[in-house]
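Just so you know, the sequence shown maps onto residues -15 to 400 in the numbering used here.
C-beta: ideal position from N, C-alpha, C; glycine also.
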Amino acid sequence: MILENSSEWLGPNFVEIYLDAIGNNLKELQKRTTASICPILKGDAYGHGLEIIALYLESQGIRYLGVGDLQEALSLRKVGVKCPILVLCPPFPYQVHSFVRERLTATITDLNIAKLLAREAEKQGKKANVHLKIDSGLGRIGVLPENTISLFKEIVSLKDLVVEGVYTHFASATNNLVFTRTQLDTFLQLKKELERISRDKLIFHCANSAAFIRFSQSHQNMEMARIGTLLFGQSPVKIPRDLKLEQTWKLYSRIVEVKRLPKGSSIGYGRTFITKRDSLIGVIPIGYSDGLGVIPTRENHWQHLKSSLKELMFSSKTVKIDKSLLPIVGKIAMGMCCIDLTNYQLKENVFNLVGNKVELSAKRVLTNPRIPRVYYLNGNIKTIWRNKQAFLPLLKENEVFLQEISARTVKNTVYY
Ligand SMILES: Cc1ncc(COP(=O)(O)O)c(C=O)c1O
C-alpha cells in the first residue's frame, strides 16, 4: 500500500472504500430481479462519499440514482453525473427553478408544487419530470391512497410536466411482515388502476433493502427497486446464503501516543475508567466529532436503556489491530480516545506502535465527511476525496504526493 508511510496529507483518520465491492453488490442484486436497481445515495451515499460513488455507479451502467435532497442532486450534476436523479424530498417552491434547470426528477405529493414545476418548465422551455409518491402507511411524505387517482389525473393534465413514475416506501419491512403486506397490496391495487388510466408506461417502485429480500413481489413486476443498505454490503434482515455481499467500507485511525500507566490510573474526561492492572494505553486522535461512539436514538426508551446497559456491561466499543480486538477505555472525547493495548501481543518495542493503523467501527452515515475517503479498485488506490476535492496519489522519489484532479475529470481519470 503505497500511502502507508506518507500520511501527512491524509491525516491520521481515513476511510477506505472498495469500489469493486460496491460493483459486486450491485451485480449480485441485479441478478435477482428484473427491476432496475436504483441506488439510493442519501446521507452522503451512506457515508461512502456521494460524488465518487455516483460517478462509479454511472460507469457501471445504472439507469437511475436516488438522493435525499436538492443539495445532493446539485453536487452530482456539478461533478458531471448525467443520469436521471430522483430527489426523495419534494421541492420547496423556491427550488423549482433548479429542479427544471438541472433535469432532476421531483417527488410530487401535492398539486400546487406540481403546478409551479409545470409553469417553471414552460418558462425554461423544458419538461419537468416527476414521480408521484403515495403514503401507503409510513405516515411520512406522500399522497394518501384514497386521493391518489384524483391527484394523478390532475397532474398528468399539466402541460410540460411528465409524470414518469409512481412510488411508495415501507414503514417496517424489517420486522412487520403483515403491515408490509398491507402496504404492498395497497400499492399493487393502485398500480393496477394507474396502469389502466395512464396513457404512458409508468415506472413503479417500492422495494427498499428489507423488502427486496423478503417480498419478491415488491420488485419482480416493477420497473425499479430503490436500494441503499444492501448495495453497501450490509443487511437489515437475514440474507439468503447465495447472496454474496462484500464489505465496502473501513474506518481507520493511527496511534499517536503509547504510555505505561500503573494500576489505579484514571483515563479520560470524568475519570470513568480506572485501570485494574499496570496497563499499556494507546491514544488515537478520533472522537465523537468524527462520529465515533455516536449512536442514533433508539426506537423507544426501553431499547435505549437496554443498549446503554449492554454497553456498560460488555464495553462494546472495540478497535482492531491486525486481527486483535482491543477495547476503547474511558470516555470518547471530541477528537481523542484511548485504547487498552495491554493484551496486545507485541512482536516489537511497544513504542513502535506509534503510527500504527487501528480499524474502528462507527455508524457509517454519521462518520464525519471531513475524513478523507480513499477509493480502491482492484486493490489499487484510484482516487482520494477530501473537502469536495479529488486527488490522485503520485509517487516521486519514494515520497507520496497528492495530485489534485478536477472533480469533473475524475470519471475519465479513474475508472477507465
Ligand atoms: C424513500 C427511500 N427509498 C429507499 C431507501 C433505501 O432504503 P434501504 O437502505 O433500506 O435500501 C430509503 C432510505 O432511507 C428511502 O428513504
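Compute the Euclidean distance between the alpha carbons of C322 and E383, then round it to the nearest angstrom. Taking the first residue of the sequence shown as position 1, residue 322 is located at position 338. Taking the first residue of the sequence shown as position 1, residue 383 is located at position 399. Each residue's alpha carbon lies about 30 angstroms from the other.
Around the C-beta of K11, are 16 or more other C-beta atoms found within 10 angstroms, so that it is buried, or is it exposed? Start at 1 with the first residue of the sequence shown, and residue 11 comes out as number 27. Label assigned to K11: exposed.
Could you name each continuous beta strand (DSSP E) segment of 3 residues or more that falls completely within the stretch 42 to 96, going from the start of the chain to the end? 49 to 51, 69 to 71 and 88 to 92
Please list the segments of the alpha helix (DSSP H) lying wholly inside the stretch -4 to 49, counting only runs of 4 or more residues, in order along the chain. 3 to 15, 26 to 30 and 34 to 43
S249 vs T256 beta-carbon contact at 8 angstroms: Within the sequence shown, numbered from 1, the residue matching residue 249 stands at position 265. Within the sequence shown, numbered from 1, the residue matching residue 256 stands at position 272. Result no, Cβ atoms of S249 and T256 do not sit closer than 8 angstroms.
CA nearest to the CA of D119, picked from I133, R47 and K111: Position 135 of the sequence shown, counting from 1, holds the residue named residue 119. Checked all of I133, R47 and K111; the closest Cα to D119 is I133.
Who are the near neighbours of L145 in its chain, counting only those whose CB is closer than 7 angstroms to its CB and skipping five residues on each side? One-based indexing of the sequence shown puts residue 145 at position 161. Within the same chain, L145 has close Cβ partners A98, L101, A102, A105, A112, V114 and I139.
Give the C-beta separation of I21 and A209 to the nearest angstrom, bearing in mind that I take them to be a contact with Cβ-Cβ under 8 angstroms. Residue mapping note: residue 21 aligns to position 37 of the sequence shown, counting from 1. Residue mapping note: residue 209 aligns to position 225 of the sequence shown, counting from 1. Confirmed, Cβ separation roughly 6 angstroms.
Assign G266 to one of three DSSP states: helix, strand, or coil. Locating residue 266 in the sequence shown gives position 282, counting from the first residue. Correct three-state label for G266: strand.
Run of the alpha helix (DSSP H) containing T170, from where it starts to where it stops: Taking the sequence shown and counting its residues from 1, the one referred to as residue 170 is at position 186. Residues L161 to I181.
Going by the CB atoms, is the gap between P356 and P(-4) shorter than 8 angstroms? The count along the sequence shown starts at 1 and reaches residue -4 at position 12. The count along the sequence shown starts at 1 and reaches residue 356 at position 372. No, the pair does not count as a contact, with Cβ atoms beyond the cut-off.
Taking the continuous beta strand (DSSP E) assigned at S308, which residues delimit it? The sequence position of residue 308 within the sequence shown is 324, counting from 1. Unbroken beta strand (DSSP E) run through S308: S308 to V313.
Nearer than 7 angstroms: is that true of the beta carbon of N96 relative to any heavy atom of ligand 1? Looking up residue 96 in the sequence shown gives position 112. Answer for N96: no, Cβ out of range of ligand 1.
Taking DSSP as the reference, what is the three-state secondary structure of D274? As a first step, residue 274 must be located in the sequence shown, where it is residue number 290. Three-state result, D274: helix.
Using only the heavy atoms of ligand 1, determine whether one of them is closer than 7 angstroms to the beta carbon of T213. The residue you call residue 213 lines up with position 229 of the sequence shown. Because some heavy atom of ligand 1 lies under 7 angstroms away, the Cβ of T213 counts as near it: yes.
Any idea which residues DSSP pairs G149 with across the strands? As a working note, residue 149 is residue 165 in the sequence shown. Bridge partners of G149: H115 and I187.
Excluding sequence positions up to five away, which residues of its chain have a Cβ less than 8 angstroms from the Cβ of I279? For the purposes of this step, residue 279 is identified with residue 295 of the sequence shown, where counting begins at 1. These residues qualify, in order along the chain: S291 and K347.
Excluding the five sequence neighbours on either side, which residues of its own chain have a C-beta within less than 6 angstroms of the C-beta of L122, listed in chain order? For the purposes of this step, residue 122 is identified with residue 138 of the sequence shown, where counting begins at 1. Cβ within range, chain order: H153 and A155.
For W369, the nearest candidate out of F171, E381 and K395 (CA to CA): Indexing the sequence shown from 1 puts residue 369 at position 385. Among F171, E381 and K395, the Cα nearest to that of W369 belongs to K395.
I211 lies in the beta strand (DSSP E); which residues open and close that run? Counting from one through the sequence shown, the residue named residue 211 turns up at place 227. Counting along the chain, the beta strand (DSSP E) containing I211 begins and ends at M208 to I211.
On the criterion of 16 or more Cβ atoms from any shown chain inside 10 Å, does K366 qualify as buried, or is it exposed? In the sequence shown, residue 366 corresponds to position 382, counting from 1. Under this definition K366 is a buried residue.
To the nearest angstrom, how far is the alpha carbon of L293 from that of S82? Here residue 293 refers to the residue found at position 309 when the sequence shown is read from its first residue. Here residue 82 refers to the residue found at position 98 when the sequence shown is read from its first residue. L293 and S82: Cα-Cα distance of roughly 48 angstroms.
Smallest Cα separation from K66: which of I46, K15, Y2 and G314? The count along the sequence shown starts at 1 and reaches residue 66 at position 82. Checked all of I46, K15, Y2 and G314; the closest Cα to K66 is I46.
Between which two residues does the alpha helix (DSSP H) carrying A157 extend? One-based indexing of the sequence shown puts residue 157 at position 173. That residue, A157, is in no alpha helix (DSSP H); it is neither H nor E in DSSP.
Return yes when the C-beta of H153 is under 7 angstroms from any heavy atom of ligand 1, and no when it is not. Taking the sequence shown and counting its residues from 1, the one referred to as residue 153 is at position 169. Answer for H153: yes, Cβ within range of ligand 1.
Buried or exposed: which applies to F76, given that a residue is buried once 16 or more other Cβ atoms fall within 10 Å of its Cβ? Against the sequence shown, residue 76 aligns to sequence position 92. With fewer than 16 Cβ atoms within 10 Å of its Cβ, F76 is classed as exposed.
Keeping to the same chain, check which residues put their C-beta closer than 6 angstroms to that of L276; ignore five residues upstream and five downstream. Position 292 of the sequence shown holds residue 276. Here the set comprises I270, I316 and A346.
Alpha carbon of I312 to alpha carbon of I265, nearest angstrom: For the purposes of this step, residue 312 is identified with residue 328 of the sequence shown, where counting begins at 1. For the purposes of this step, residue 265 is identified with residue 281 of the sequence shown, where counting begins at 1. Their backbone Cα atoms lie some 10 angstroms apart in a straight line.
Would K175 and F163 be called neighbours here (beta carbons separated by less than 8 angstroms)? One-based indexing of the sequence shown puts residue 175 at position 191. One-based indexing of the sequence shown puts residue 163 at position 179. Against a cut-off of 8 angstroms, the Cβ pair of F163 and K175 comes out as no contact.
Do S291 and ligand 1 come close, with the Cβ less than 7 angstroms from some heavy atom? In the sequence shown, counting from the first residue as 1, residue 291 sits at position 307. No; taking the cut-off as 7 angstroms, the Cβ of S291 has no heavy atom of ligand 1 nearer than that.
Segment limits, beta strand (DSSP E) that includes V242: Taking the sequence shown and counting its residues from 1, the one referred to as residue 242 is at position 258. Note, V242: beta strand (DSSP E), E241 to L245.
Could you check if Y253 is buried or exposed, using at least 16 other CB atoms within 10 Å of its CB as the buried criterion? Your numbering for residue 253 matches position 269 in the sequence shown. Per the 10 Å Cβ criterion, exposed.
For the beta strand (DSSP E) containing F385, list its first residue and its last residue. Position 401 of the sequence shown, counted from the first residue, corresponds to residue 385. Start and end: E383 to I389.
Any idea what DSSP makes of K395, helix, strand or coil? Stepping through the sequence shown from its first residue, residue 395 is reached at position 411. Looking at K395 - three-state DSSP - the assignment turns out to be helix.
Please return the same chain residues whose Cβ sits closer than 6 angstroms to the Cβ of E(-12), not counting the five positions on each side in sequence. Start at 1 with the first residue of the sequence shown, and residue -12 comes out as number 4. Here E(-12) scores only 49 on pLDDT, less than 50, and its place in the model is too uncertain to base an answer on.
Hey, out of E148, N192, L214 and D169, whose CA is closest to D184's CA? Within the sequence shown, residue 184 is the residue found at index 200, counting from 1. Residue E148 is the option with its Cα nearest to D184.
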